[in-house]
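The structure under discussion appears below in the form of structure tokens.
Protein chains: 2
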Amino acid sequence: MYTARLFAALLLAVVCLATQEEYDNDILEEGITLTDSQYGSLWPLPQKVQMSTVVFKLSGASFQIVDAKESSSGASCSLLQNAYRRYFEYIFPSARKQGHVKKKTPASAVSELQVWITSADTECDGFPNVTSDESYQLSVDSPVSVLKASTVWGALRGLETFSQLVYEGEYGAKSINRTEISDFPRFAHRGVLLDTSRHFLPIKVILANLEAMAWNKFNVFHWHIVDDPSFPYLSRTFPQLSQQGAFHPYTHVYTPSDVKMIIEFARLRGIRVVPEFDTPGHTQSWGKGQKDLLTPCYSGASPSGSFGPVNPILNTTYEFMSMFFKEVSTVFPDAYIHLGGDEVDFNCWKSNPDIQKFMEQQGFGTDYSKLESLYIQRILDIVSSTNKHYLIWQEVFDNGVKMKADTVIHVWKGNQQQYQDEMSRVTASGYQVLLSTPWYLNRISYGQDWQATYKADPQDFNGTDAQKKLVVGGEACLWGEYVDATNLTPRLWPRASAVAERLWSDKDVRDLNDAYSRLAQHRCRMVQRGIPAEPLFSGYCAYEYKGV
Amino acid sequence: MYTARLFAALLLAVVCLATQEEYDNDILEEGITLTDSQYGSLWPLPQKVQMSTVVFKLSGASFQIVDAKESSSGASCSLLQNAYRRYFEYIFPSARKQGHVKKKTPASAVSELQVWITSADTECDGFPNVTSDESYQLSVDSPVSVLKASTVWGALRGLETFSQLVYEGEYGAKSINRTEISDFPRFAHRGVLLDTSRHFLPIKVILANLEAMAWNKFNVFHWHIVDDPSFPYLSRTFPQLSQQGAFHPYTHVYTPSDVKMIIEFARLRGIRVVPEFDTPGHTQSWGKGQKDLLTPCYSGASPSGSFGPVNPILNTTYEFMSMFFKEVSTVFPDAYIHLGGDEVDFNCWKSNPDIQKFMEQQGFGTDYSKLESLYIQRILDIVSSTNKHYLIWQEVFDNGVKMKADTVIHVWKGNQQQYQDEMSRVTASGYQVLLSTPWYLNRISYGQDWQATYKADPQDFNGTDAQKKLVVGGEACLWGEYVDATNLTPRLWPRASAVAERLWSDKDVRDLNDAYSRLAQHRCRMVQRGIPAEPLFSGYCAYEYKGV
Numbered sequence: 013m014y015t016a017r018l019f020a021a022l023l024l025a026v027v028c029l030a031t032q033e034e035y036d037n038d039i040l041e042e043g044i045t046l047t048d049s050q051y052g053s054l055w056p057l058p059q060k061v062q063m064s065t066v067v068f069k070l071s072g073a074s075f076q077i078v079d080a081k082e083s084s085s086g087a088s089c090s091l092l093q094n095a096y097r098r099y100f101e102y103i104f105p106s107a108r109k110q111g112h113v114k115k116k117t118p119a120s121a122v123s124e125l126q127v128w129i130t131s132a133d134t135e136c137d138g139f140p141n142v143t144s145d146e147s148y149q150l151s152v153d154s155p156v157s158v159l160k161a162s163t164v165w166g167a168l169r170g171l172e173t174f175s176q177l178v179y180e181g182e183y184g185a186k187s188i189n190r191t192e193i194s195d196f197p198r199f200a201h202r203g204v205l206l207d208t209s210r211h212f213l214p215i216k217v218i219l220a221n222l223e224a225m226a227w228n229k230f231n232v233f234h235w236h237i238v239d240d241p242s243f244p245y246l247s248r249t250f251p252q253l254s255q256q257g258a259f260h261p262y263t264h265v266y267t268p269s270d271v272k273m274i275i276e277f278a279r280l281r282g283i284r285v286v287p288e289f290d291t292p293g294h295t296q297s298w299g300k301g302q303k304d305l306l307t308p309c310y311s312g313a314s315p316s317g318s319f320g321p322v323n324p325i326l327n328t329t330y331e332f333m334s335m336f337f338k339e340v341s342t343v344f345p346d347a348y349i350h351l352g353g354d355e356v357d358f359n360c361w362k363s364n365p366d367i368q369k370f371m372e373q374q375g376f377g378t379d380y381s382k383l384e385s386l387y388i389q390r391i392l393d394i395v396s397s398t399n400k401h402y403l404i405w406q407e408v409f410d411n412g413v414k415m416k417a418d419t420v421i422h423v424w425k426g427n428q429q430q431y432q433d434e435m436s437r438v439t440a441s442g443y444q445v446l447l448s449t450p451w452y453l454n455r456i457s458y459g460q461d462w463q464a465t466y467k468a469d470p471q472d473f474n475g476t477d478a479q480k481k482l483v484v485g486g487e488a489c490l491w492g493e494y495v496d497a498t499n500l501t502p503r504l505w506p507r508a509s510a511v512a513e514r515l516w517s518d519k520d521v522r523d524l525n526d527a528y529s530r531l532a533q534h535r536c537r538m539v540q541r542g543i544p545a546e547p548l549f550s551g552y553c554a555y556e557y558k559g560v
Numbered sequence: 013m014y015t016a017r018l019f020a021a022l023l024l025a026v027v028c029l030a031t032q033e034e035y036d037n038d039i040l041e042e043g044i045t046l047t048d049s050q051y052g053s054l055w056p057l058p059q060k061v062q063m064s065t066v067v068f069k070l071s072g073a074s075f076q077i078v079d080a081k082e083s084s085s086g087a088s089c090s091l092l093q094n095a096y097r098r099y100f101e102y103i104f105p106s107a108r109k110q111g112h113v114k115k116k117t118p119a120s121a122v123s124e125l126q127v128w129i130t131s132a133d134t135e136c137d138g139f140p141n142v143t144s145d146e147s148y149q150l151s152v153d154s155p156v157s158v159l160k161a162s163t164v165w166g167a168l169r170g171l172e173t174f175s176q177l178v179y180e181g182e183y184g185a186k187s188i189n190r191t192e193i194s195d196f197p198r199f200a201h202r203g204v205l206l207d208t209s210r211h212f213l214p215i216k217v218i219l220a221n222l223e224a225m226a227w228n229k230f231n232v233f234h235w236h237i238v239d240d241p242s243f244p245y246l247s248r249t250f251p252q253l254s255q256q257g258a259f260h261p262y263t264h265v266y267t268p269s270d271v272k273m274i275i276e277f278a279r280l281r282g283i284r285v286v287p288e289f290d291t292p293g294h295t296q297s298w299g300k301g302q303k304d305l306l307t308p309c310y311s312g313a314s315p316s317g318s319f320g321p322v323n324p325i326l327n328t329t330y331e332f333m334s335m336f337f338k339e340v341s342t343v344f345p346d347a348y349i350h351l352g353g354d355e356v357d358f359n360c361w362k363s364n365p366d367i368q369k370f371m372e373q374q375g376f377g378t379d380y381s382k383l384e385s386l387y388i389q390r391i392l393d394i395v396s397s398t399n400k401h402y403l404i405w406q407e408v409f410d411n412g413v414k415m416k417a418d419t420v421i422h423v424w425k426g427n428q429q430q431y432q433d434e435m436s437r438v439t440a441s442g443y444q445v446l447l448s449t450p451w452y453l454n455r456i457s458y459g460q461d462w463q464a465t466y467k468a469d470p471q472d473f474n475g476t477d478a479q480k481k482l483v484v485g486g487e488a489c490l491w492g493e494y495v496d497a498t499n500l501t502p503r504l505w506p507r508a509s510a511v512a513e514r515l516w517s518d519k520d521v522r523d524l525n526d527a528y529s530r531l532a533q534h535r536c537r538m539v540q541r542g543i544p545a546e547p548l549f550s551g552y553c554a555y556e557y558k559g560v
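First to last, the protein sequences are chains A and B.
Start counting at 1 in the first sequence, then tack on 12, and there's your number in my numbering.
Start counting at 1 in the second sequence, then tack on 12, and there's your number in my numbering.
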């Protein structure tokens, strides 16, 4: 139920899509025309939206977000109580307390949002997981609106949606339309990968981006925590790893309490923290604090002084990995660990006489992918024994390593044809799959690159319905070669938002014009909430970013 | 005079260029090897540097920057007094005041930097201009170092250089090597273009970037202040221009006092502010507040409702422009105004019957570039009458408009061959020239794109020595389609630093390895001073950016 007048006001308040001829032409060159979305600034678009032209007001002096009487959740659920406060402040950044005289709420106002958790187990004190129910129903009416969800996870998503429905009407009055929304995610795994090895990311940066993830209904923080350049994870069992392997052992590490805080901050927003400890490649920084872990490379008959991937032929390697992953499995509560397994360079293994001998003994010939598989197999067994499931980069599948049936294969390589073929192969083998290839957001180009990001679809490949169901979702990846605290946030947002909508909304939500209009407003909302999300094109936000 | 030990310490303190094999390989892929520069973190590299291995210490409790006794400048020159305080704080971000007991300065310390202005006219209260003498001599010795310059402009450059020589030695002690530097810029015009029309840039963002410009010895802020999307310049004479043409008439405008503050802030750092008021194209926003200024476009026999470039056939146009540029010439003290003149679209002019008639009367046939030239010619005369010189985009030259001999032609179009040919043609015609084509920093690509930026040279074209001397310099341009306060600063720095060195240092300073090492440290210094300059590659700064 769309009225041009209403949304024209909304658009004016939030973002100016200029009307100059030349400027319009520029936009048209990009294949986008300027139309106001009937869905205002909703992002990602809910599955079912019925919006009426009836407008209600909200007063910062009297509006409340409260537990519904029927709700199985109450004052003791600090996850929800925190969320109520957070979203109240997003809606009313500068609300004043009501005076002594209690005025009657006018008929045309929403005085309360009641949050009703229907399951006996609210999951308030649990951790979100891949089977969490994130669905919700939102009914915006006067004087009372109701948000109904099975668990707290759906309630969090619904609170975000409610906050996105509020806009500034005439005279800056907070307004909301009578609306019915029924919503649920298309995919269960909607992630963002951040890389804290190529550059260290201060806690503050990680927390700010977790916050922005929640605004986009992302639910997985894939923490690529260590890699070749540095090892910032402070391990209680092996403190030498970060002592020697971090850029700096005090200023550039994540202590156990840092990690705990990040996990809790994420949990409060319905976000899982899936750590990645990538082996046997990408481990140069591990070698600094753990003697004999890496393979000594040879130059002719003698060691060259440099080191290759993890040494897969020593018992000490597996003893170390068992202890290390035992710790990791207790530090990170998520049911999954990402085990990496990508880009193993065989040159160093090939140069090493002990490895050559081992290859001979095993009858591997010169097929070093068999050696890699042997290593990975043992790591998978180690991690399985800690009762964790695993995600793994596609090479492990490509090399034919035997994996548990519930393993998730993470596809990241190739052009469109290649990754779609890989999705077919993986799902034909019965494995679950996660897509990232089209969403390597570290790769930048001039112009509105969010459009290509937006168009990619993880179920676009040849396969049966059963195969398509094995797609658990996707992840936007921001590898760290060229980003750190100085530029990560504007480079991630709103580009990752395009991925967020693809993974949450119905597969038929593909209209670039409608998306442009909503996304421009969504990015201004992120800016107003304090995140330096970069612009899509010329224009402005009513509240510009206040930092430098 | 290079000692590996010294600079190893320096590098460790400022930036870690990791030593992992894989990481090195990545760097090598980019064509860069990791070597420490013998010039530490100096950027841009001075013309002559003699650095000894003798190390002095500096104490924050006693070190002073003072006027030399012989200096023609004194306490009344607030430009220099401000600069002394600013640079003291860069060197000692957290210095404590000296206690009661005055200790004798040890023999191995620098206790004073004496700044000696040698000209009778220090130019302290003037504005920098294209002939300003920015040369200086710096002698770092114990107990007294001396910075000698003809005017305050050279002193400002020398203070920056002195601050870049200071590094943290063992135990964090501020250290500096005995050094002799004799320095001057290769080009007189070293600019950065910022665009405040496609997105409004808050004052704070402009000031922060002026500060960073000074650290890079840039000396021109080319303020592309208005354009099609918005008109944020608040004109005293024609307040309707911003009232109607700005994104918002209160929150998205530059008031006269804003402009004054920006000019003074820039002056204190030896930076000229050259405003651009681009006509007759790029003027959609002008038309909103100034009736009949733009050409009404026709669709068949009747006006289409949209407008084209400035209407060049009305007397009212020139009356308006005379008054407008009279104001501009008093508001902006610089001797130059940039008059634009680029990308005039003839379609609207062609559609308008009045224009067609005028073309006929003038005997222009269908050559609309003659109409454009007629307009530009009159604008140049108007601006000349205000005693200003002008810069102009290359199209004006290409169209054969008659210009005063001291006009500067700004080259921005084409590929390398094309812009080099244009530089040849412009200088063969005896005009001065400014290069920007290879330095459109709004264009981004994945990886270390600073290298291509760095390699371009404005004197690389076919021409005589006399022609080469007509190159006044260049400008890094950051057009605003995709940047605003959220991402402008990290996108500009340190990418613009590559342009800064090309324009300041000797033409033979071209070693990418040496540049990489110095630039990585220079970017960390910018971060430490509070500017979110983005990383060149994996690694870290001792002091990471503290914002989000």
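Quick reminder that beta carbons are idealized off the backbone N, C-alpha and C, glycines included.
8 angstroms Cβ cutoff met for residue i and residue j
| i | j | result |
| --- | --- | --- |
| Pro-544/A | Asn-499/B | yes |
| Leu-92/A | Ala-167/A | yes |
| Thr-307/B | Cys-360/B | yes |
| Ala-488/A | Val-204/A | yes |
| Phe-409/B | Ile-394/B | no |
| Thr-267/B | Leu-246/B | yes |
| Ser-1/A | Gly-412/A | Given a span of 13 to 560 for chain A in the structure shown, any question on residue 1/A remains unanswerable. |
| Glu-221/B | Arg-284/B | Going by the sequence as given, residue 221/B is Asn instead of Glu. Their beta carbons are not under 8 angstroms apart, which means Asn-221/B does not touch Arg-284/B by this criterion. |
8 angstroms contact criterion, which residue i and residue j should meet: CB distance rounded
| i | j | result |
| --- | --- | --- |
| Val-164/A | Cys-89/A | 7 angstroms |
| Ala-508/B | Asn-228/B | 7 angstroms |
| Ser-209/B | Ile-237/B | 7 angstroms |
| Pro-502/A | Val-483/A | Not confirmed; about 30 angstroms, so no contact. |
Delimiting residues of the alpha helix (DSSP H) encompassing residue i
| i | result |
| --- | --- |
| Ala-220/A | 215–227 |
| His-401/A | Careful: His-401/A lies outside any alpha helix (DSSP H), inside the beta strand (DSSP E) at 401–405. |
| Met-435/B | 428–440 |
| Gly-203/A | Looking at the DSSP string, Gly-203/A is not in any alpha helix (DSSP H); the run it does join, the beta strand (DSSP E), is 201–207. |
| Ile-598/A | Since the first and last residues shown for chain A are 13 and 560, residue 598/A lies out of range. |
6 angstroms CB neighbourhood of residue i in its chain, flanking five on each side removed
| i | result |
| --- | --- |
| Ser-363/A | Cys-309 and Tyr-310 |
| Ser-194/A | Lys-60 and Gln-149 |
| Tyr-387/A | Pro-292 and Pro-324 |
Spatial neighbours of residue i in its chain, beta-carbon cut-off 8 angstroms, leaving aside the 5 residues before and after
| i | result |
| --- | --- |
| Tyr-557/A | Val-539 and Pro-544 |
| Asp-38/B | Caution is warranted here: a pLDDT of 39 is assigned to Asp-38/B, below 50, making its placement in the model unreliable, and the coordinate value is therefore given only provisionally. If we look at Asp-38/B and ignore the five residues flanking it on each side, its Cβ neighbours are Phe-549 and Ser-550. |
| Val-178/A | Leu-70, Ile-103, Lys-186, Ser-187 and Ile-188 |
| Glu-124/A | Phe-75, Gln-76, Ile-77, Val-78, Pro-155, Val-156 and Ser-157 |
Limits of the unbroken beta strand (DSSP E) element including residue i
| i | result |
| --- | --- |
| Gly-86/B | No beta strand (DSSP E) holds Gly-86/B; DSSP gives it neither H nor E. |
Cβ-based neighbour list, residue i, same chain, cut-off 7 angstroms, excluding 5 preceding and 5 following
| i | result |
| --- | --- |
| Thr-134/A | Ser-84, Ser-85, Cys-89, Thr-163 and Val-164 |
> For the stretch 276–357 of chain A, which segments carrying the beta strand (DSSP E) assignment without a break, of at least 3 residues, lie completely within its bounds, in sequence order?
Replying inline: Counting whole runs of 3 or more residues, the stretch 276–357 of chain A contains the beta strand (DSSP E) stretches 284–291, 306–311, 314–322 and 348–352.
> Where in the stretch 131–189 of chain A do unbroken runs of the alpha helix (DSSP H), each at least 4 residues long, occur, reported from the N-terminal end onward?
Replying inline: The DSSP assignment places 164–177 as complete runs of the alpha helix (DSSP H) inside the stretch 131–189 of chain A, in order along the chain (cut-off: 4 residues).
>> To test your reading of the DSSP string, which unbroken alpha helix (DSSP H) runs of 4 or more residues are found completely within the stretch 470–512 of chain A?
In response: Annotation: the stretch 470–512 of chain A contains the following complete segments of the alpha helix (DSSP H) (minimum length 4 residues), in chain order: 477–481 and 500–504.
> Enumerated in chain order, which unbroken segments of the alpha helix (DSSP H) with a length of 4 residues or greater are wholly contained in the stretch 516–558 of chain A?
Replying inline: Listed in chain order, the alpha helix (DSSP H) elements of length 4 or more contained wholly in the stretch 516–558 of chain A are 524–540.
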